[in-house]
Amino acid sequence: MESPMPSLDEDGQRDPENFSLVLGGPLFELLRRAHLSDDVLLLVRRRILFISLVAWLPLLLLSAFEGHLMPGSATVPFLLDADVNIRLLVALPLLIGAERVVYRRMRPVVRVFRERKIIPDSAMAQFNATVAAAFRLRNSAMVEVLLIVFVYVVGILIIWRQHIALDTGTWYTTPSAKGNRLSSAGMWYGYVSLPIFQFLLCRWYFRLFIWARFLWQVSCIELSLIPTHPDRNAGLGFLSGAVYAFNLIAAAHGAILSGVLANRILLLGAALADFAWEIVALVIFLLCVFLGPLLVFAPQLARAKRTGNREYDTLAERYVREFDEKWLRGGASASEPLVGSGDIQSLADLGNSLEVVRTMRIAPVRRGGIIGLVAATLMPIAPLVLTIVPIDQLVKLLLGMLF
Numbered sequence: 016m017e018s019p020m021p022s023l024d025e026d027g028q029r030d031p032e033n034f035s036l037v038l039g040g041p042l043f044e045l046l047r048r049a050h051l052s053d054d055v056l057l058l059v060r061r062r063i064l065f066i067s068l069v070a071w072l073p074l075l076l077l078s079a080f081e082g083h084l085m086p087g088s089a090t091v092p093f094l095l096d097a098d099v100n101i102r103l104l105v106a107l108p109l110l111i112g113a114e115r116v117v118y119r120r121m122r123p124v125v126r127v128f129r130e131r132k133i134i135p136d137s138a139m140a141q142f143n144a145t146v147a148a149a150f151r152l153r154n155s156a157m158v159e160v161l162l163i164v165f166v167y168v169v170g171i172l173i174i175w176r177q178h179i180a181l182d183t184g185t186w187y188t189t190p191s192a193k194g195n196r197l198s199s200a201g202m203w204y205g206y207v208s209l210p211i212f213q214f215l216l217c218r219w220y221f222r223l224f225i226w227a228r229f230l231w232q233v234s235c236i237e238l239s240l241i242p243t244h245p246d247r248n249a250g251l252g253f254l255s256g257a258v259y260a261f262n263l264i265a266a267a268h269g270a271i272l273s274g275v276l277a278n279r280i281l282l283l284g285a286a287l288a289d290f291a292w293e294i295v296a297l298v299i300f301l302l303c304v305f306l307g308p309l310l311v312f313a314p315q316l317a318r319a320k321r322t323g324n325r326e327y328d329t330l331a332e333r334y335v336r337e338f339d340e341k342w343l344r345g346g347a348s349a350s351e352p353l354v355g356s357g358d359i360q361s362l363a364d365l366g367n368s369l370e371v372v373r374t375m376r377i378a379p380v381r382r383g384g385i386i387g388l389v390a391a392t393l394m395p396i397a398p399l400v401l402t403i404v405p406i407d408q409l410v411k412l413l414l415g416m417l418f
């Protein structure tokens, strides 16, 4: 059984030991009052169901009422608009569900910094101020208001209305004497559904900015790093686990691109191979967004590695000289047994410590985290392979590889 999680009073807003990027802001408080969330972001299914239905169900009903639902009813009927349906039924739930995952993964960050004594006592006040600044940004009502303004002014009125909305008869536009105008479904999509989606996406970008800013400010502190730490990151290896928290956000981006490509392939006759560079660019972009902030520790880790190599080489030199004098140059008495001596074990332990220092990584990034992000991004795009290889041939190919 899952152990009970701390309440909001015990969490980030009052206890900086629990670091959270998501427990705060007017929307969070609104969802709590509407009983769509609680103090620790449970009720995930309820939130996903409610928000997704508000964004998607009216589009289905209005399109059916206006006769733009089924194939043949419009150039792009609602049910064939893969972009919109995947965006609202796949990407949107992923963005909402990611909040719970990020919350659980991020909670221990501040506590581990303190438990491992990575923050010196002399810098603890600066570290506490950094945590408090992150919480203030996270809870800012002004930021969420600005995000809403940005979504409607830039995202809807400029980008979507002028550059993305199709200039043809679709489920969300109808021909008129003055040109195409938004249908009732189009009005709901343009001024309710799409703003909800864009706001949640932009809010995630802002949270990632808070995370990057927090890490940068911590990296400005002279940290107490141990180059022989078994995590091969001088004690900062726990930060690499935070990358897994962003896999659902990466999958949401992959779903967005998958919907756009599906429309191009199914409605305009394009091929998946035509968008190889777009897929690669998305993967690189997400790797930079999620892994880039961790690189701020590279200078301190590199310095710790150089210092560790120098200091442990000196220690090893001293030890092996004394070992040589004792056991090979007559320093040990004839009655002292060699078998069972702790000197040999200590020599082996010292060699292991030297190997840890020499193989120490200068960034808290692991291969598994990179592979996880890439796989999460590409997974929603993978079904589009069926537009190139028929499913029966794909099954035969997979069976041939397995057997």
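Going from the sequence shown to the working numbering is simple: count from 1 and add 15.
By construction, the Cβ of each residue, glycine as well, lies at the ideal position given by its N, Cα and C atoms.
Query                                                                                                    : Result
Reduced DSSP category for T90 - H, G, I as helix; E, B as strand; rest coil                              : coil
Counted within 10 angstroms of its Cβ, other Cβ atoms place K132 as buried (16 or more) or exposed       : exposed
Secondary structure of L197, DSSP reduced to three states                                                : strand
Coarse secondary structure for T185, derived from DSSP in three states                                   : strand
Exposed unless 16 or more other CB atoms sit within 10 angstroms - verdict on V151                       : Rather than Val, the amino acid found at residue 151 in this sequence is Arg. That one is exposed.
Cβ contact (3+ pairs, closer than 8 Å) linking the stretch 264-283 and the stretch 76-96                 : yes
Assigned secondary structure, A49 (DSSP; H/G/I helix, E/B strand, else coil)                             : coil
Best match in V380, L388 and A113 for proximity to R247 [C-alpha to C-alpha]                             : V380
Touching by the beta-carbon criterion (3+ pairs, under 8 Å), the stretch 217-233 and the stretch 31-46   : yes
Nearest-angstrom Cα separation, counted from R60 out to A3                                               : Residue 3 is absent from the structure shown; the chain starts at 16 and stops at 418.
Under 8 Å between C-beta atoms of V127 and P242                                                          : no
Local conformation of M394 per DSSP, three classes                                                       : coil
For E460, the three-state DSSP class (helix, strand or coil)                                             : Nothing can be reported for residue 460, as the shown portion of the chain is limited to 16 through 418.
Cα-Cα separation between L388 and Y167, rounded to whole angstroms                                       : 30 Å
Alpha carbon of L399 to alpha carbon of M139, nearest angstrom                                           : 51 Å
Exposure label - L401; buried when at least 16 CB within 10 Å                                            : exposed
Straight-line gap, F261 to L109 (C-alpha atoms, nearest Å)                                               : 11 Å
Residue environment, R115, which counts as buried when at least 16 other CB atoms sit within 10 Å        : buried
Residue nearest to V158 in terms of C-alpha spacing, selected from I225, W203 and T329                   : I225
Where T329 falls: helix, strand or coil (DSSP)                                                           : helix
C-alpha distance - G366 paired with L240, whole-angstrom precision                                       : 20 Å
Neighbour-count burial assignment, G307, 16 or more Cβ in a 10 Å radius                                  : exposed
Proximity below 8 Å, CB of T189 to CB of L301                                                            : no
Enclosing alpha helix (DSSP H) for C303 [first to last residue]                                          : A291 to L306
Selected residue, minimal CA-CA separation from T90, among F312, V335 and Y187                           : Y187
Under the three-state DSSP convention, the category V400 falls into                                      : helix
Whole runs of the alpha helix (DSSP H) within the stretch 354-379, excluding any shorter than 4 residues : 357-373
Same chain, Cβ closer than 7 Å to L104, five either side skipped, listed in chain order                  : S67 and W71
Opening and closing residue of the alpha helix (DSSP H) in which T145 lies                               : M139 to R153
W175: first and last residue of the uninterrupted alpha helix (DSSP H) it sits in                        : Taken as a continuous stretch (DSSP letters only), W175 belongs to no alpha helix (DSSP H), as it is neither H nor E.
Sub-8 Å separation of L276 and F290 beta-carbons                                                         : yes
Three-way DSSP call (helix, strand, coil) for L57 in this model                                          : coil
Sequence-distant residues of its chain with Cβ nearer than 8 Å to T423 (five each side left out)         : As displayed, the chain neither begins before 16 nor continues past 418, which places residue 423 out of reach and without an answer.
For V37, three-class secondary structure by DSSP                                                         : coil
Within the stretch 216-288, ranges of the alpha helix (DSSP H) (whole runs, at least 4 residues)         : 262-283
Contact belief for S255 with G384 at Cβ below 8 Å, rounded distance in angstroms                         : 6 Å
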